[in-house]
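Residue numbers (the numbering used here): 17 to 325. All C-beta atoms in this analysis are idealised placements derived from N, C-alpha and C, irrespective of residue type, glycine included. In this text, all values refer to a predicted model and were calculated from it rather than measured experimentally.
Pasting the structure below:
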């Protein structure tokens with residue numbers, strides 16, 4: 017199989033698509049063809065329909081140079097979302113960077129639960145550890161009358177979330193930076209003007225909400241999955257949470273009730289093997305009406321509980 021080569025500039029597009037597909041197959045498997053097309057669409061700045069027309073076209077030398085760089089990144093295992101700089105979530109096209117987790121389909125379950133659970137037409141909702149803003153943006157797009165607060169301990173991640181809100185024209189979210197986290201949010205090292213808090217809940221500034229939702233870190237620090245696949249490239253602090261993966265879930269369960277209105281609810285994503293531990297923590301902390309949810313793959317994935325009236 018020909019290696020990545022500047023000679024691709026003289027290779028007809030149809031043949032180049034096949035060469036690129038074969039090069040990507042070891043890392044992309046059955047998705048190699050789609051990924052090859054996505055890389056070509058990126059460097060050619062065209063859509064899929066136009067890509068499929070004209071197998072005899074040639075790329076320019078500049079396009080080939082860029083294609084080689086992108087293909088090398090993918091062949092090293094880097095996730096396509098980081099290479100392309102975008103990921104779809106809840107029908108929204110979101111910017112993602114190495115500062116954020118890559119939004120995953122299973123997390124859309126939290127959006128579905130929240131939309132079904134929150135009653136007040138003008139509800140106050142907090143999304144803690146917002147990352148790219150995926151959950152908050154999905155909820156805000158569905159319920160423009162809601163008031164949302166989205167927090168994160170990474171200024172770089174919060175910058176991505178605010179960029180996404182701006183690009184989507186969503187203006188009912190207030191973004192706040194947790195003081196305890198990374199404060200290197202810009203080239204000048206400023207805090208971007210975000211309100212700050214000193215813990216998972218500190219940025220809520222004593223306010224009370226109808227719902228607090230979070231997809232916190234919940235992977236055990238020694239889990240081999242942190243070294244494999246997409247997670248090997250994602251920010252470790254957004255994934256790992258102590259020896260058993262429960263550290264951040266414990267913090268949220270212990271403190272969230274103080275930031276909820278009477279009858280308010282806490283909605284958490286967790287690992288597929290953590291449901292029993294999480295429900296035990298909720299029960300011990302006095303939470304009520306504990307409901308568990310499975311994702312589309314049938315895996316235990318989320319839990320919701322309420323405070324008293």
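Boundaries for residue 129: no beta strand (DSSP E) harbours it, while the alpha helix (DSSP H) harbouring it runs 124-133, taken from the DSSP string. Runs of the beta strand (DSSP E) spanning 3 or more residues and lying entirely within the segment 128-191 occur at 140-144, 163-170, in chain order.
Cβ-Cβ separation between residue 110 and residue 119: approximately 6 Å, consistent with a contact (criterion under 8 Å). The criterion of a C-beta distance shorter than 9 Å is satisfied by residue 67 and residue 56. Listed as beta-bridge partners of residue 102 by DSSP are 111. Taking the Cα positions, residue 156 is about 15 Å away from residue 133. When beta bridges are read from the DSSP output, residue 285 appears opposite 318. Contact annotation, residue 228 with residue 144: C-beta distance approximately 6 Å; criterion of less than 8 Å satisfied.
For residue 77, the enclosing alpha helix (DSSP H) begins and ends at 77-91.
The alpha-carbon of residue 187 is positioned some 32 Å away from that of residue 305.
Cβ-Cβ distances below 7 Å link residue 37 to 48, 49, 52 in the same chain, with the five nearest sequence neighbours on each side left out; the list follows chain order.
For residue 269, the enclosing alpha helix (DSSP H) stretches over residues 263-271.
Residue 299 counts as exposed, since fewer than 16 other beta carbons sit within 10 angstroms of its beta carbon. By the neighbour-count criterion, in which a residue is buried when 16 or more other Cβ atoms sit within 10 angstroms of its Cβ, residue 167 is buried. Proximity of the segment 146-160 to the segment 301-316 falls short of the contact definition, fewer than three beta-carbon pairs being nearer than 8 Å. For the pair residue 153 and residue 184, the CB atoms are nearer than the 9 Å cut-off. With contacts defined by Cβ atoms closer than 9 Å, residue 176 and residue 113 form a contacting pair.
Short of 7 Å from the beta carbon of residue 96, and not among the five residues preceding or following it, lie these beta carbons of its own chain, in chain order: 51, 54, 90.
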